[in-house]
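In the working numbering, the protein residues as written are 423 to 546.
I have placed the structure first, in the form of structure tokens, so that the comments after it can refer back to it.
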């Protein structure tokens, strides 16, 4: 389920599926003293085990949230071959579009390549 600012992914335990209930909330951070970024709070349960993580991505890397969120979910035990985003593609696309709208991102807009090469674009 997606509403602007909140993505909820859930799956009941089945023979070929792992149980998870994950909430990913986000908000745009704008301050004069720093560049625009997006703050993400991710919490929920994977196989009944609670977890909570937070992270920030700079404006030009924010639409890559799924990569960071998937890595964090795997760190807490998620074992899906394709990850939860593929199964809920419609919700992912809606969140992607919402972030692009909120950040006023345009296709083909330049990114800070130096930050990517230094590994500071939210890849960890």
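Here a beta-carbon is modelled for each residue, glycine too, at the ideal position from N, C-alpha and C.
Assigned exposure category for residue i - 16 Cβ within 10 Å defines buried
| i | result |
| --- | --- |
| residue 470 | exposed |
| residue 491 | buried |
| residue 546 | Note that residue 546 scores 46 on pLDDT, short of 50, meaning its location in the model is unreliable; the coordinates nonetheless yield the value given after this. With fewer than 16 Cβ atoms within 10 Å of its Cβ, residue 546 is classed as exposed. |
| residue 451 | exposed |
Sequence-distant residues of the same chain with beta carbon closer than 6 Å to residue i, five excluded per side
| i | result |
| --- | --- |
| residue 445 | 430, 465 and 466 |
| residue 439 | 433 |
Start-to-end residues for the beta strand (DSSP E) that takes in residue i
| i | result |
| --- | --- |
| residue 482 | No beta strand (DSSP E) holds residue 482; DSSP gives it neither H nor E. |
| residue 527 | From DSSP, residue 527 is part of no beta strand (DSSP E); its letter is neither H nor E. |
| residue 444 | 442-453 |
Under 8 Å between C-beta atoms of residue i and residue j
| i | j | result |
| --- | --- | --- |
| residue 533 | residue 482 | yes |
| residue 366 | residue 442 | Nothing can be reported for residue 366, as the shown portion of the chain is limited to 423 through 546. |
| residue 479 | residue 486 | yes |
| residue 473 | residue 498 | yes |
Contact set for residue i: own chain, Cβ-Cβ below 7 Å, skip 5 residues either direction
| i | result |
| --- | --- |
| residue 484 | 460, 521 and 525 |
| residue 427 | 447, 448 and 449 |
| residue 527 | 485 |
N-terminal and C-terminal residue of the alpha helix (DSSP H) that residue i is part of
| i | result |
| --- | --- |
| residue 489 | 487-497 |
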